[in-house]
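Trainee:
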Ligand SMILES: *[C@@H]1O[C@H](CO)[C@@H](O)[C@H](O)[C@H]1NC(C)=O
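Numbering (the numbering used here), first residue to last: 533 to 952.
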């Protein structure tokens with residue numbers, strides 16, 4: 533596509549230079565008429581082109597379009613409804629309460645089924661079939677609750693009272709979602725500050741496709757087995773600390789520069805997670821704990837991975853380096869995804885309001901994202917920058933993540949990296 537203007541130029545320069553030929557040249561041309569007719573565009577001579585334009589090298593044909601700058605957050609704020617930045621604690625707590633009910637009801641029902649005499653009378657395959665839909669449902673309820681803990685991590689449950697954010701976060705994330713609240717909020721904040729930065733982003737790792745042959749053997753092995761990993765990637769992320777650092781054992785890049793005091797505070801969250809898991813395990817026994825809690829936890833982890841991956845990966849997505857990164861450029865590489873009205877709603881607009889979330893991650897609570905996103909879309913169009921806002925309908929999200937992860941894994945093409 534990029535070649536087209538040059539091709540047109542070449543055609544134009546040939547056409548305009550026909551009269552510049554000397555009579556003998558013209559004769560030479562008509563002598564080789566048959567040859568010319570067989571060619572679509574007669575190739576102009578070098579000298580003729582030089583008269584029209586400077587000589588082009590290979591690199592000129594593939595030069596990147598200039599990097600555009602999205603509007604700064606200050607001017608985006610003016611596009612949004614006035615109440616976008618109102619953090620209303622009762623509203624936040626209302627959604628927290630709804631999701632608490634949803635998790636207790638689905639998980640409670642699953643537990644009743646699993647501990648019933650009828651269930652125990654079934655052969656194993658029938659037991660698995662009978663609990664699978666309930667596990668998917670419980671996992672989805674946990675995912676919705678996960679989104680509430682996510683707001684708490686950004687301090688958008690209460691603007692002024694840190695203890696409210698902390699309490700909601702410890703219950704929603706550390707206890708219910710077995711996601712240590714403070715460690716996760718820490719690594720997640722680093723993701724927000726460096727979204728779509730080639731080396732400094734968190735939660736995402738990026739490998740350049742062209743360099744695939746020179747990757748470490750362990751990374752190659754991970755790529756080779758990628759399709760088996762989808763349900764356990766969240767465990768690998770939190771527990772093994774790949775790639776950001778441990779959220780249960782504190783090591784790795786996310787802890788660099790953090791004091792013992794911060795780590796001790798973060799350890800409280802990890803303690804809450806371990807104590808919850810330990811208490812459930814010892815009360816229910818290992819097998820029921822696995823069926824009722826851990827399989828739904830993997831479903832929740834799958835949701836988190838799917839949503840996170842799809843909203844930061846798109847065909848034309850760009851990555852930036854220290855030389856080219858700005859907060860706004862990174863934010864506008866986020867993709868809003870429409871999973872369908874009810875899934876969007878129940879997931880608290882995590883997927884369809886994510887551009888706004890990235891622009892104002894400590895300022896806009898989840899229940900303002902939908903209206904703000906609509907206003908952003910309109911505002912950007914009015915400003916003539918509608919194409920900078922990315923939004924993709926993804927109703928077949930589960931097929932999409934499986935396909936994307938199989939095709940692309942954590943690879944991006946070199947041409948997607950904006951280096952200068
Ligand atoms: C913050 O909220 C907690 C729990 O509701 C309450 O006990 C505490 O007094 C509040 N703190 C402030 C500074 O308002």
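Beta carbons: idealized from backbone N, C-alpha and C, even for Gly. Keep in mind that this is a model prediction, so the values were computed, not measured.
Do residue 616 and residue 904 have their C-beta atoms closer together than 8 Å?
Mentor: The residue labelled residue 616 in the question sits at position 84 within the chain shown. The residue labelled residue 904 in the question sits at position 372 within the chain shown. A contact, by the Cβ cut-off of 8 Å.
Trainee: Among the candidates 870, 742, 891, 691, whose CA atom is the shortest distance from the CA of residue 946?
Mentor: Position 414 of the chain shown, counting from 1, holds the residue named residue 946. Among 870, 742, 891, 691, the Cα nearest to that of residue 946 is on 742.
Trainee: Check residue 739 in the structure and name its three-state DSSP category.
Mentor: Position 207 of the chain shown, counted from the first residue, corresponds to residue 739. Looking at residue 739 - three-state DSSP - the assignment turns out to be strand.
Trainee: Would you check whether ligand 1 has a heavy atom nearer than 7 Å to the C-beta of residue 630?
Mentor: Position 98 of the chain shown, counted from the start, is the residue given in the question as residue 630. No - ligand 1 has no heavy atom lying nearer than 7 Å to the Cβ of residue 630.
Trainee: Touch check for the region 822-835 and the region 905-924: three-plus C-beta pairs under 8 Å?
Mentor: They do not touch, by the three-pair rule.
Trainee: If we ignore side chains and look at the alpha-carbon of each, how far apart do residue 948 and residue 628 end up?
Mentor: Stepping through the chain shown from its first residue, residue 948 is reached at position 416. Stepping through the chain shown from its first residue, residue 628 is reached at position 96. The straight-line gap from Cα to Cα measures roughly 39 Å.
Trainee: For residue 655, count the other beta carbons within 10 Å of its own beta carbon; 16 or more makes it buried, fewer makes it exposed. Which is it?
Mentor: Here residue 655 is taken as the residue at index 123 of the chain shown, counted from 1. Flag for residue 655 reads exposed.
Trainee: Along the chain, where does the beta strand (DSSP E) that runs through residue 870 open and close?
Mentor: Residue 870 sits at position 338 when you count from the first residue of the chain shown. Segment 867-870, the beta strand (DSSP E) holding residue 870.
Trainee: Taking residue 833 and residue 782 to be in contact with their CB atoms under 8 Å, please state how far apart those CB atoms are, rounded to whole angstroms.
Mentor: As a first step, residue 833 must be located in the chain shown, where it is residue number 301. As a first step, residue 782 must be located in the chain shown, where it is residue number 250. The Cβ separation is near 20 Å, so there is no contact.
Trainee: By the DSSP assignment, the beta strand (DSSP E) with residue 690 in it spans what residues?
Mentor: In the chain shown, residue 690 corresponds to position 158, counting from 1. Careful: residue 690 lies outside any beta strand (DSSP E) and carries neither H nor E.
Trainee: Can residue 764 and residue 709 be called in contact, C-beta distance under 8 Å?
Mentor: Within the chain shown, the letter at position 232 stands for residue 764. Within the chain shown, the letter at position 177 stands for residue 709. Result no, Cβ atoms of residue 764 and residue 709 do not sit closer than 8 Å.
Trainee: Ignoring anything shorter than 4 residues or poking outside the region 832-888, list the alpha helix (DSSP H) runs there in chain order.
Mentor: Runs found: 859-863, 873-878.
Trainee: Comparing alpha-carbon positions, which option in 739, 897, 932, 662 lies nearest residue 687?
Mentor: The count along the chain shown starts at 1 and reaches residue 687 at position 155. Nearest C-alpha to residue 687: 897.
Trainee: Hey, would you say residue 849 sits closer than 8 Å to residue 865, going by beta carbons?
Mentor: By one-based count along the chain shown, residue 849 stands at place 317. By one-based count along the chain shown, residue 865 stands at place 333. Taking 8 Å as the Cβ cut-off, residue 849 and residue 865 qualify as a contacting pair.
Trainee: Check the DSSP bridge columns for residue 925 and list the partner residues they point to.
Mentor: Translated into positions along the chain shown, residue 925 becomes position 393. Beta-bridge pairing links residue 925 to 870.
Trainee: Can you name the start and end residues of the alpha helix (DSSP H) that residue 915 belongs to?
Mentor: As a position in the chain shown, residue 915 is number 383, starting the count at 1. From DSSP, residue 915 is part of no alpha helix (DSSP H); its letter is neither H nor E.
Trainee: Buried or exposed: which applies to residue 745, given that a residue is buried once 16 or more other Cβ atoms fall within 10 Å of its Cβ?
Mentor: Indexing the chain shown from 1 puts residue 745 at position 213. It counts as exposed.
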